[in-house]
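Here's the structure we're looking at; comments come further down.
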Amino acid sequence: MRYYASGESRESYITGIRPGGRYGTVHDVEKRRDNLPENVFHYIKEGVQREECLRRNEEEARARIRLEMFSKKPGQHRGNVATIAAESGGDAEQSAAMSQLERETQTRERRAALQELYQRDRREWEVRLGARGLATQRT
Numbered sequence: 001m002r003y004y005a006s007g008e009s010r011e012s013y014i015t016g017i018r019p020g021g022r023y024g025t026v027h028d029v030e031k032r033r034d035n036l037p038e039n040v041f042h043y044i045k046e047g048v049q050r051e052e053c054l055r056r057n058e059e060e061a062r063a064r065i066r067l068e069m070f071s072k073k074p075g076q077h078r079g080n081v082a083t084i085a086a087e088s089g090g091d092a093e094q095s096a097a098m099s100q101l102e103r104e105t106q107t108r109e110r111r112a113a114l115q116e117l118y119q120r121d122r123r124e125w126e127v128r129l130g131a132r133g134l135a136t137q138r139t
């Protein structure tokens, strides 16, 4: 047997039946749909915040490394060997991570410089070969 909503119970809102049977479901086409509760996309928001924090920490570490590199004169050490050895006990992992980060940055910058050099060299060769009437690509 089929169920017909009377328009008075809570199912009347779901089915769209109103008393009198004239009107359908209350539906606003222009209504904003992005005002969801806080917990729906909370994990996405946390992920974005985490990525921003990591990026900010990496930038600060790079700036600190550059500051340390350029603040010292070459061959100059601050303090004696005993104090450096005593301080480096807890900072060994941090300094290793910083040096790894600096190596990665240097490698990235070196690679970008080489790519630019190769592209410039290729453009020069294309100009030279074009002046002789030779093509660098098959047609």
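full-length UniProt numbering puts the sequence shown at residues 1 to 139. C-beta atoms are modelled at their ideal positions from N, C-alpha and C, and glycine is treated no differently. Note that the structure is predicted; figures quoted are calculated from it, not measured.
Residue i, DSSP secondary structure in three states
{"i": "LEU67", "result": "helix"}
{"i": "residue 140", "result": "Because the chain here runs from 1 to 139, residue 140 falls outside it and cannot be looked at."}
{"i": "ASN39", "result": "coil"}
C-beta atoms of residue i and residue j nearer than 9 Å
{"i": "THR139", "j": "ARG122", "result": "no"}
{"i": "LEU101", "j": "ILE65", "result": "yes"}
Sequence-distant residues of its chain with Cβ nearer than 8 Å to residue i (five each side left out)
{"i": "MET98", "result": "ALA61, ARG64 and ILE65"}
Neighbourhood of residue i by C-beta, 7 Å cutoff - its chain only, sequence neighbours within 5 removed
{"i": "MET69", "result": "none"}
{"i": "LEU114", "result": "none"}
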